[in-house]
Amino acid sequence: MTQLIVSEATLTFGGLNALTKVDVTIEPGIITSIIGPNGAGKTSLLNCISGFYHPTSGRIRYGQRNLTHASPHQISTIGIARAFQNLELFRGLSVLDNLLLARHQNLDYSIFHAVIYCGKAARIEAENRAYVEKVIDFMELEPYRKKMVGNLSYGVQKRVEVARALTLAPNLLLLDEPMAGMNIEEKEDIVRFILDLKKEWGITVVLVEHDLGVVMDISDRIYVLDFGEVIGSGTPQEVAANPKVIEAYIGEE
Amino acid sequence: MENTDHLLQFTIPQLLRWRVATSGDKVALREKDFGCWNSYTWNEYFALVRKTGLGLREIGLAREDKIAIISDNIPEALFIAIGAQAVGGISSAIYQTSLPDEIGGILDYLNVTVVFCNDQEQVDKVVEVRDRLPQVKKVIYEDPRGMRDYRDDDWFMFIGDLYKLGEELHQREKDLFQTLVDQGKPDDVCHLCLTSGTTGLPKGAMLTHRNYISMGLHLTEVDPLEETDEYVSFLPFAWIGEQMNSFGVAMATGIAVNFPESVETAMEDLKEIGPHFMFGAPRIYETIRSQIWLKMDESYWLNRKFYAYFMKVGERAAGYRMSGKKMPAGLQVLAWLGKQIIFRPLVNQIGLLRLRRAYTGGAALGPELFTFYQALGVNLKQIYGQTEIVGIAYMHRDGDVRPDTVGKPLPGTECRISEEGEILSRSASVTPGYYKLPDKTAELLEGGWLHSGDAGYIDDHGHLVVIDRISDVMHNQGGEMFSPMFLENRLKFSPYIKEAVIFGDKMAFVAALINVDPIVVGKWAEDRGISFSTYMDLSAQPEVAELIKGEVAKINRNAEKDHFRICRFAILYKLLDMDDGELTKTGKIRRKFVREKYNDLYEALYDDNVTEKRVEAFYRYQDGQTATVDTTIRFYTMEDCPWPTYSN
């Protein structure tokens, strides 16, 4: 199991500090949540971890590897996957095609094999399909397998987005507001999926989420960001009792 | 046709063994899992039943012990049921939609010792009432997902471990299973089938091996099935309508039973299998028709023109086909053309192209719906029966489909109408009685006949006509009789009306509470630019009320008798639902309960001074949370139905 350590990460856009000396440690096998008001830098932090941004200073380590300057596609090959807040799916493709496409990096057969489509190519495609089906079963997407993503309800599209991240068979899953805009029943489903992911698939989950009820319920550890700085961290109980956090959320008296 | 009477001497497990001997390598079951159809041959089926049966014996299931199944339709449910029967146990099944309290009550009543659940959802419900169930030795589950917290508790067992136990026992005592199967007698009770119970707790009808097999054989005497035929199992296993097919018909004929991937995908999977026969409650056929209408509505104009024209042709042709008369040559050609141009592709779209026969039962179906399906070329027929006679006892014959009747008795079934007008039947499929309820049994089987509780008569063609439950028939203030179910069905034939409840017992006139169909009316509103948010909002739209008023007026114009006319109605703000206790598990209205729950509305329906009323709508969500919303309900009086003069 691999630990992800962000140490003293600072991210600057022009004169604006999106992140200031952020220290975050993601322990393997647990659910770590990152919360904070709007513009606190939560998504920026995820962007740094997944390689979309590179911190201006500071380091990001994943086990023995230095990810500070790694690109997104390098990161996706070492077992870190991300589900985006704004769905990044091909709306004109079916759910199944979206998920199969997400596994393109596993398609290591040559163009020659692809043309005659037997032996290696057929075997690899079948393996990919089998894995995708496992994810479909897990995320309960069977009724939508052949449906075009663009025609599905928002809640289901969100589920497909999480499924797409899962088809990369990650060890570490970054979820950016997977429950935004969902009704209670859909949220409950996603919570169940996240818990099952941790306990049955042994996946480390990093969750950015605004629904504090959910965060307090399922997180093992929470980091609170405000104006790009970590203002509190710990178990849900510790965070809830932290005066700085209360101030950031409710304001001063 | 070969004589199959010798099969009546078998028990269900013995019949399974006989199938293995005659066609062991043929596919018996198929299940869609991870996107693939996986099949089980009769050999594999039998081996799994053996493992399950012996496994159950190892965990202490003795002869005549009961096992309960709370499961979606999966092959394992059959392995468990028949496995239990093979070692002398008695199976039973509980609706997956049941609440924990109900499950506790049923498990207690049936003295169940082993429970089978397909997933965590069902296991959780049993756990909730665990304290009340000291006699339950084991809970077996099929899907290990989410069961991690139960793993250390040996009250629970994964089905794979049960197979292992069974296989070990088989290795130790090779002949044991065969001996146990041989000990079964065809007249032993093999299954306790819960009757839907429109009133009070369900009763467990004891059904024997012979009950099931005899039903399967007699049904297929009328409508033969080939061994290569396919059947899709999507009805709840707790309903006799599913068991009669998966125990009775499948065993008696050797057809393959296909299990859908999940409840939500059943209709998609049906398309992939293309079954040769199908059975369903009227609701399923209503849903399919709505789908067809929606599809046609969204189609391009040429298609719609063809559809409209050939539908008329089809309806005329259906008239001839249903009555078995010979069609004029011109019509025959046109009907053939319509079939090729539009109906075959259309029926193929919904997966019914290979269908030779579709049966509907459980409740009455509008006559127009028969004509609709027959016009499409789908041979839809009515059946009639009760749980206590293994589902089907009366059925239409091909070429003799009369929409207002339920057909003729199956071979081996006798029918009689009592002096009170009650339908009585007698056959080899009649239950020996209700479990632990000798009084009810005596009532049910008084004089050696099965008392259906339905009022009916036999018409000039020898067909049985069912009017309504004897207890449900109503009389208005003037003493004139009417059947609420009959009128509700009339209303429900409108595509815009999903559900309706008729009132009027001892009142001056007939009134109705109506549920609009969320999909069809939703689309109707969208097409007209009427905006709405929730179902409640949609129901309250004045345009929707006008639409429904038009539909009611149409029905009133066609009413056979004046007192059948619906004089006042209101549109209900929520769909009637099983979870709220308004419908039974098979979708019938719990009349008394609905009448009491909506007493406010009922009173306003019979008070002509009230045109609208504020009510508190009470919701219970699936997770048990509740909410109350204020809403205004309007009441509409029909113009063509003057306020009766004898009203107080």
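Line by line, the protein sequences are chains A and B. Counting in the numbering used here, the first sequence runs without a single skipped number right up to 349 at its last residue. Counting in the numbering used here, the second sequence runs without a single skipped number right up to 637 at its last residue. Yeah, the Cβ is synthetic: ideal placement off N, Cα and C, and Gly gets one too.
For residue 207 (chain B), the number of other beta carbons within 10 angstroms of its own is at least 16, and it is reported as buried. At least one CB atom of chain B sits nearer than 9 Å to the CB of residue 292 (chain A).
Residue 256 (chain A) sits close to residue 237 (chain A), with the two beta carbons spaced by under 9 Å.
Residue state for residue 140 (chain B) is assigned as coil, using DSSP reduced to three classes. With 16 or more neighbouring CB atoms inside 10 Å of its own CB, residue 178 (chain A) falls in the buried class. In the three-state reduction of the DSSP assignment, residue 267 (chain A) falls in the coil class, being assigned neither a helical nor a strand state. Close CB contacts of residue 135 (chain B) within its chain, under the 8 Å cut and outside five residues either way in sequence, are with 108 and 109 (chain order).
Within the stretch 379 to 446 of chain B, the beta strand (DSSP E) runs of at least 3 residues that lie entirely inside it are, in chain order, 403 to 406 and 411 to 415. Taking 9 Å as the cut-off, the beta carbon of residue 444 (chain B) is found closer than this to the beta carbon of residue 462 (chain B).
Residue 103 (chain A) has A:155 as its beta-bridge partners, per DSSP.
Note on geometry: alpha-carbon atoms of residue 213 (chain A) and residue 209 (chain B) lie some 46 Å from one another.
With the rule of 3 Cβ pairs closer than 8 Å, the stretch 271 to 290 of chain B does not count as touching the stretch 316 to 324 of chain B. In this structure, residue 248 (chain A) keeps its C-beta atom at 9 Å or more from the C-beta atom of residue 127 (chain A).
Nearest CB-CB separation between residue 288 (chain A) and chain B: below the 9 Å threshold. In this structure the stretch 53 to 67 of chain B does not touch the stretch 381 to 388 of chain B; the number of beta carbon pairs closer than 8 Å is below three. Here residue 86 (chain B) is exposed: its Cβ has fewer than 16 other Cβ atoms, across all protein chains shown, within 10 Å. Bounds of any beta strand (DSSP E) do not take in residue 582 (chain B); it lies within the alpha helix (DSSP H) bounded by 580 to 586.
By the neighbour-count criterion, in which 16 or more other beta carbons inside 10 Å mark a residue as buried, residue 289 (chain B) falls on the exposed side. Bounds of any alpha helix (DSSP H) do not take in residue 50 (chain B), whose DSSP letter is neither H nor E. Around the beta carbon of residue 520 (chain B), fewer than 16 other beta carbons sit within 10 angstroms, so the residue counts as exposed.
Taking CB atoms only, residue 282 (chain A) has no neighbour in chain B less than 9 Å away. Separation of the CB atoms of residue 249 (chain B) and residue 21 (chain B) is rounded to 6 Å, and the pair is thereby assigned contact status at 8 Å. Nearest Cα to residue 226 (chain A) within the set B:456, B:506 and B:23: B:23. Judged by pairs of C-beta atoms under 8 Å, the stretch 38 to 45 of chain B touches the stretch 69 to 77 of chain B, as three or more such pairs exist. The CB of residue 166 (chain B) never comes closer than 9 Å to any CB in chain A; the least such distance is about 33 Å. For the pair residue 246 (chain A) and residue 231 (chain A), the Cα-to-Cα distance works out to about 20 Å.
Per DSSP, residue 312 (chain B) is one residue of the alpha helix (DSSP H) stretching across 290 to 312. Bounds of the alpha helix (DSSP H) holding residue 286 (chain B) are 271 to 287.
Restricted to the stretch 122 to 193 of chain A, the alpha helix (DSSP H) segments that are unbroken, complete and at least 4 residues in length are 138 to 145 and 168 to 173, listed in chain order. Here residue 361 (chain B) is not near residue 311 (chain B), since their CB atoms are 9 Å or more apart.
DSSP, reduced to helix, strand and coil, places residue 235 (chain A) outside both helices and strands of the structure shown, so it counts as coil.
If you check each beta-carbon in the stretch 172 to 205 of chain A against every beta-carbon of chain B, the ones closer than 9 Å belong to 192. Straight-line measurement puts the Cα of residue 325 (chain A) at about 18 Å from the Cα of residue 100 (chain A). Within the model, the alpha-carbon separation for residue 460 (chain B) versus residue 306 (chain A) is close to 56 Å. Residue pairing by DSSP places residue 467 (chain B) opposite no residue, since no beta bridge is assigned to it. Residue 194 (chain B) sits in a strand when the DSSP states are folded into three classes.
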